[in-house]
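There are 2 protein chains.
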Amino acid sequence: MTDLPGTMFAVVQTHDGFSGTATGPGIDNASEWLAPAELPLPEPGPGQVLIRLRMASVNPSDLHFIKGEYGQPRVKGAPAGFEGCGDVVAIGSGAEALKGQRVAFVASGSGAWAEYVVTQAQMCIPLRPDISDENGAAQIVNPMTAMAMVDIARSEGDAFVVSAATSQLGKLMCSLGRDLGLKPIALVRRAETVDALRELGADEVLVTNDPDLPEKFAAISKTLKPRVFLDAVSDQLSEQIFAAMPNKARWVSYGKLSAEQPRLTQMGQLIFMGKRIEGFWLTQWMMSTPPADQIRVVAEVQARFADGRWKTDVSTHLPLRDVVSGLAEALKKTDGKVMITP
Amino acid sequence: MTDLPGTMFAVVQTHDGFSGTATGPGIDNASEWLAPAELPLPEPGPGQVLIRLRMASVNPSDLHFIKGEYGQPRVKGAPAGFEGCGDVVAIGSGAEALKGQRVAFVASGSGAWAEYVVTQAQMCIPLRPDISDENGAAQIVNPMTAMAMVDIARSEGDAFVVSAATSQLGKLMCSLGRDLGLKPIALVRRAETVDALRELGADEVLVTNDPDLPEKFAAISKTLKPRVFLDAVSDQLSEQIFAAMPNKARWVSYGKLSAEQPRLTQMGQLIFMGKRIEGFWLTQWMMSTPPADQIRVVAEVQARFADGRWKTDVSTHLPLRDVVSGLAEALKKTDGKVMITP
Chain A
1 MTDLPGTMFA
11 VVQTHDGFSG
21 TATGPGIDNA
31 SEWLAPAELP
41 LPEPGPGQVL
51 IRLRMASVNP
61 SDLHFIKGEY
71 GQPRVKGAPA
81 GFEGCGDVVA
91 IGSGAEALKG
101 QRVAFVASGS
111 GAWAEYVVTQ
121 AQMCIPLRPD
131 ISDENGAAQI
141 VNPMTAMAMV
151 DIARSEGDAF
161 VVSAATSQLG
171 KLMCSLGRDL
181 GLKPIALVRR
191 AETVDALREL
201 GADEVLVTND
211 PDLPEKFAAI
221 SKTLKPRVFL
231 DAVSDQLSEQ
241 IFAAMPNKAR
251 WVSYGKLSAE
261 QPRLTQMGQL
271 IFMGKRIEGF
281 WLTQWMMSTP
291 PADQIRVVAE
301 VQARFADGRW
311 KTDVSTHLPL
321 RDVVSGLAEA
331 LKKTDGKVMI
341 TP
Chain B
1001 MTDLPGTMFA
1011 VVQTHDGFSG
1021 TATGPGIDNA
1031 SEWLAPAELP
1041 LPEPGPGQVL
1051 IRLRMASVNP
1061 SDLHFIKGEY
1071 GQPRVKGAPA
1081 GFEGCGDVVA
1091 IGSGAEALKG
1101 QRVAFVASGS
1111 GAWAEYVVTQ
1121 AQMCIPLRPD
1131 ISDENGAAQI
1141 VNPMTAMAMV
1151 DIARSEGDAF
1161 VVSAATSQLG
1171 KLMCSLGRDL
1181 GLKPIALVRR
1191 AETVDALREL
1201 GADEVLVTND
1211 PDLPEKFAAI
1221 SKTLKPRVFL
1231 DAVSDQLSEQ
1241 IFAAMPNKAR
1251 WVSYGKLSAE
1261 QPRLTQMGQL
1271 IFMGKRIEGF
1281 WLTQWMMSTP
1291 PADQIRVVAE
1301 VQARFADGRW
1311 KTDVSTHLPL
1321 RDVVSGLAEA
1331 LKKTDGKVMI
1341 TP
C-alpha cells in the first residue's frame, strides 16, 4: 500500500527481560523505562495484520510490564502497550477478512503505543460501527477478564468479593454481577465512591481504610457467604478478607496492585475448610477456552458496549508524543482510563 | 457384658474450644492441657462400638488438637486421642459384624487415650491377625493420608516433593511413591537421615538447613519437574520451594509443624504460571471419596503392613497413666511414634 510511511513514531521500552522488583503498577517517571523512537514500519507476516492506531488504552498490566514486573519479559527497543483499536491497513496471507476493518486488538507482534501495530488476526475483534474508539480501545483486556472471572464466581454461588472495585475492571464485574442476579461485594479505597458503586451494581460496598472493616466484612460474609474473591490487590488485607470467608472459599488473584507480600495467617483453613488460593490470567483463559465460547463472550461484551450497559470512563487523552513526559501525571487522575492517541 | 468395669481411666482435655494460638505441635508440658481422670464407661449407641484399648498412637494432629490449634474444637473433660487399635467388647444396634473383633479405629465418639473408647462402626477397620498392635494402632491416619495424597501427586506427574520426610507419614509417602514408579523428592531437617530416606524410596533428599538448598532444589526442580508439594511444615521455606517449582505446581498443605506465617513472595506465579495453594484433610477425603475406593485403599494399606513393605517405627511405649507426666519427654525421641498402652 503506497500511502503508508516508511517509519513510525513509537514509545519503546528501554530495558530487557524482568527487573526482579515487585513495586506494583505505580510510576513516578515514565522515562525510567520508556523512550520515544522513530522505527521502521513493521510488516505483517502470514496470519498477521498491520493496524493504524486510533487509540491505545493504558492498563495496570502495561505498567507492570514496562517495569519488568509482569509475567512476560520486556524487549528493549520494542514498543510498549498491550491493547488498543485502529484500522487494518495491510494484511499478511490468511488475514484477508480483516482488510480495511476497524478492530479492537491485543498486540502480539509489536506494542500498541505506536502509530502502527502488527498483531495476529485472531487477536483482533472487528468493531461494530456503534462502538466508539474509546470503548473499542478497552474492549478486550478488561471486559473479557470481567466476563471470565464473574463466570468463575457464578460457578460457586451468588455472592462474590471484588477488590479495587472502582477500577474499570472492578466496575465491569459489579455491573455484570448484578445483571446476572449475583451479589457483588465491593472493596474500595475511598468512601466517596461508595454510592456510585452501589448504583453500578454492588450489593455491599466496604471502604478498605475503615477501622471496622474486619467486623463489617465478617458480618456480610456470614450472611451472603461469598465463595470467590476476585482480587487485584493481593496484599495483607486481601488475606484477611479471605480468612473471613466461609468454607471452600477461593482467593483468585488477578493482579498485584500492592507491593506488600501477604502472610498466610490461617494456613489451617486450607486444610480444614477446603479453601484455596489461585490466579487468573486472561491469556491462559483464552488459550484454554474453546473458540466458540470465546466468540460468544466477545459478542456479549460488544453488545453491552453498543447498548450502553457498559462504557469506558476516560480520564485523559494523551498524545503518543507526550507519553514519556506525561504518563505519570496523567495516571494520577483516578476517575477513568488514560487513552493514548497517535 | 458383665465383665466390663463401671469406670475407666482416661487422659482428658482441660480446655474447651480453640486456643487462638498457632504454636505448632511441640509441647513442653502435657499437664498444661491434659489431666488424668476416672470416667464412667461410655456406652455405644446405635451404629457404634465400645473398644477396649490395646494401643493408641500419638500423631501431630493429636498435639495440635489438645493445644486448641486443630480444625475441630476441644471438649473439656473428654479424653484426647484420635487413633488406636483394640478389641470390640460391646456393640450398639447395627454394629453386630464387629463384635469380638480386633480393629484399628479413628475415635469419633470419645477419645482414644482411655482404657475404653466409643466410636462409629464405620470408623473401624477389622485387623488381619498377621498385623501387630503397633501397626494396627497407626493403620488409618497416616497410611490412608499417604495413599490419598500420593494419589494426588500421581495425577499431576511422576515427581513430587515431601516435607518432614522422616515423619512416619513422610516415610510412607516416599516408599509408596517409589513402589508406584514415582520420584519422591524428600526434605529433611537432619543430614544423618539422608541415606535412610534414599534407601526407603526418595529419589532426591535435601536437608533444610543446607545453605545451598535453594540452588540444589532449583536444579532438581528443573530436571524432575515436580508438580505437587505435599507439605506438613507450611513455613517460609515451604513457600520458597513452591516458588521454585514449575508451571501449574500445587502446594498441598496437610499440616502446620512450623508456627511461622509464610509470606507469599511470588503472587504473580499464581496468575501467570497457573500455580495454586490448597490443603488436604483426611476427614474431608473420607467424606468425599466413594466407599468402594476407600475399601480398596484400606485393603491395600493392610496388605502393605502384613507383608512388611510398611511398618510403624515405635520410639516409646508410654502407659496411659504416664501420659500427662511423660508425654513431652517421650516425644523428644524422633526415631518413631509414641504408642500409648493401657
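In order, the protein sequences belong to chains A and B.
1 is the number of the first residue of the first sequence in this note's numbering; add one for each residue after it.
1001 is the number of the first residue of the second sequence in this note's numbering; add one for each residue after it.
Beta carbons are placed, not taken as given, at the ideal position from N, Cα and C, and that holds for glycine.
Cβ atoms of V1058/B and K1337/B come within 8 Å of each other, at about 6 Å. Non-local beta-carbon contacts of W1033/B in its own chain, meaning distances under 7 Å to residues more than five positions away in sequence, involve Q1013, T1014, H1015, I1066 and K1067 in chain order. Leaving aside the five residues that flank A1104/B on each side, the residues in its chain whose CB is nearer than 6 Å to its CB run, in chain order, C1085, I1125, L1127, G1136, Q1139 and I1140. DSSP, read as helix, strand or coil, puts D212/A in coil. Secondary structure note for M1339/B: its beta strand (DSSP E) is the uninterrupted segment K1337 to T1341. Its chain contains P40 and L41 as the residues whose beta carbon lies nearer than 8 Å to that of G6/A, once the 5 sequence neighbours on both sides are disregarded; these appear in chain order. Burial is judged here by how many other beta carbons sit within 10 angstroms of a residue's own beta carbon; E1038/B has fewer than 16 and is exposed.
CA-to-CA, the gap between T21/A and W281/A works out to about 20 Å. Where R304/A is concerned, the enclosing alpha helix (DSSP H) starts and stops at P291 to A306.
Taking 9 Å as the upper bound on Cβ-Cβ separation, chain B lies near residues L270, I271, F272, M273, G274, K275, R276, I277, E278, G279, F280 and W281 of the stretch 270–281 of chain A. Per DSSP, reduced to three states, the secondary structure at E1032/B is helical. M1055/B carries a strand assignment under DSSP once its states are collapsed to helix, strand and coil. Contact between P184/A and R190/A does not hold, since the beta-carbon distance rounds to 18 Å and is not under 8 Å. Every beta strand (DSSP E) stretch that sits fully inside the stretch 1070–1110 of chain B and reaches 3 residues is listed by chain position as 1083–1091 and 1102–1106. Scanning chain A for C-beta atoms nearer than 8 Å to the C-beta of Q1261/B yields R263, L264, T265 and M267, reported in chain order.
For G1071/B, a Cβ of chain A is located within less than 7 Å of the residue's own Cβ.
Among the residues facing chain A, K1256/B is included, as its CB has a counterpart in that chain under 7 Å away. A distance of 7 Å or more separates the beta carbons of G279/A and S258/A.
Within its own chain, the residues whose Cβ lies closer than 8 Å to the Cβ of V1324/B, once the five positions on either side in sequence are excluded, are V1011, A1030, S1031, L1034, A1035 and P1036, listed in chain order. Here DSSP, grouped into helix, strand and coil, assigns V233/A to coil. Residue environment: E43/A is assigned as exposed (fewer than 16 neighbouring CB atoms within 10 Å of its CB, all protein chains considered).
DSSP places R1309/B in the coil class of the three-state scheme, outside both helix and strand.
Looking at the backbone, the Cα of I241/A and that of Q1266/B are separated by about 19 Å. Residues of the stretch 1223–1255 of chain B whose Cβ lies closer than 7 Å to any Cβ of chain A, in chain order: S1234, S1253 and Y1254. Q139/A does not reach chain B, its nearest Cβ partner there being about 21 Å away, counting only Cβ pairs nearer than 8 Å. Q48/A is not a Cβ neighbour of G111/A, given a cutoff of 7 Å. P262/A and K256/A have their alpha carbons spaced roughly 11 Å apart. The stretch 1070–1085 of chain B and the stretch 1145–1155 of chain B do not touch, with fewer than three beta-carbon pairs separated by less than 8 Å. P143/A sits away from S93/A, with the two beta carbons spaced by 7 Å or more. Between the beta-carbon of E1115/B and that of P1342/B there is about 5 Å, and that keeps the pair under the 8 Å contact cut. Where G279/A is concerned, there is no enclosing alpha helix (DSSP H), although the beta strand (DSSP E) around it starts and stops at R276 to G279. In this model, V1075/B and F1160/B are separated by some 37 Å (Cα to Cα). Apart from sequence neighbours up to five positions away, the residues of its chain that approach P1060/B with a beta-carbon distance below 8 Å are P1025, S1167, A1232, G1255 and L1257, ordered along the chain. Close partners of Q1284/B in chain A (Cβ separation under 7 Å): G274.
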